[in-house]
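Below you'll find the structure, written out as structure tokens, and then a few comments.
Residue numbers (full-length UniProt numbering): 1 to 174.
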């Protein structure tokens with residue numbers, strides 16, 4: 001079983017990046033494992049549904065099939081679920097034999113009044129922002145630089161201990 005098969009997802013940002021002589025906005029997408037709290041970060045080109053579908057496809061390509069996704073009721077997530085379901089039915093009609101596309105994802109939206117439901121990934125977004133602020137400060141990165149920083153932050157946060165470190169052997173008995 002994939003260790004990132006049950007995830008929470010949210011967007012954060014925006015971040016300004018350089019593209020030629022212009023500055024454009026990019027967003028971060030965080031996928032958080034609901035059991036281990038491991039994270040996966042992706043850069044999203046925009047907040048629209050097609051951008052989110054691309055983010056989800058990259059996540060699945062790198063981390064494996066997802067069984068369950070939890071998210072807030074953001075319009076990009078609700079729209080993405082609708083598009084994915086209609087695309088899945090089209091793909092099945094066309095008999096495309098790609099296992100990733102054939103599997104259904106159980107997508108659960110947090111209730112509109114349940115903002116506290118996303119506390120797991122909101123706390124990790126704060127850790128990502130704090131790390132980003134210490135790494136890039138006032139720099140304006142290009143797309144490649146932002147992707148690189150996201151990968152480094154993901155690696156740093158995923159290497160944190162799951163529990164407190166202690167030298168006392170009796171702590172293991174608790």
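For every residue, glycine included, the Cβ atom is placed at its ideal position computed from N, Cα and C.
8 Å Cβ cutoff, residue i in contact with chain D
i	result
residue 36	Annotation note: the requested chain D is absent from the structure, which comprises a single protein chain.
Alpha carbon of residue i to alpha carbon of residue j, nearest angstrom
i	j	result
residue 28	residue 15	8 Å
residue 143	residue 17	6 Å
residue 136	residue 125	16 Å
residue 149	residue 157	12 Å
residue 65	residue 128	24 Å
Neighbourhood of residue i by C-beta, 8 Å cutoff - its chain only, sequence neighbours within 5 removed
i	result
residue 151	41
Burial state of residue i (16 or more Cβ within 10 Å)
i	result
residue 22	exposed
residue 138	exposed
residue 43	buried
residue 20	exposed
residue 55	buried
Same chain, Cβ closer than 7 Å to residue i, five either side skipped, listed in chain order
i	result
residue 146	15, 17, 26 and 43
Nonlocal neighbours in the same chain, by C-beta distance under 6 Å from residue i, ignoring five residues either side
i	result
residue 108	70
Exercise for the section: May I ask you to verify whether the region 3 to 20 touches the region 121 to 136, counting CB pairs closer than 8 Å and requiring at least 3? Expected result: yes
Handout entry: Residue ranges of each alpha helix (DSSP H) within the region 4 to 67, 4 or longer
Key = 49 to 63
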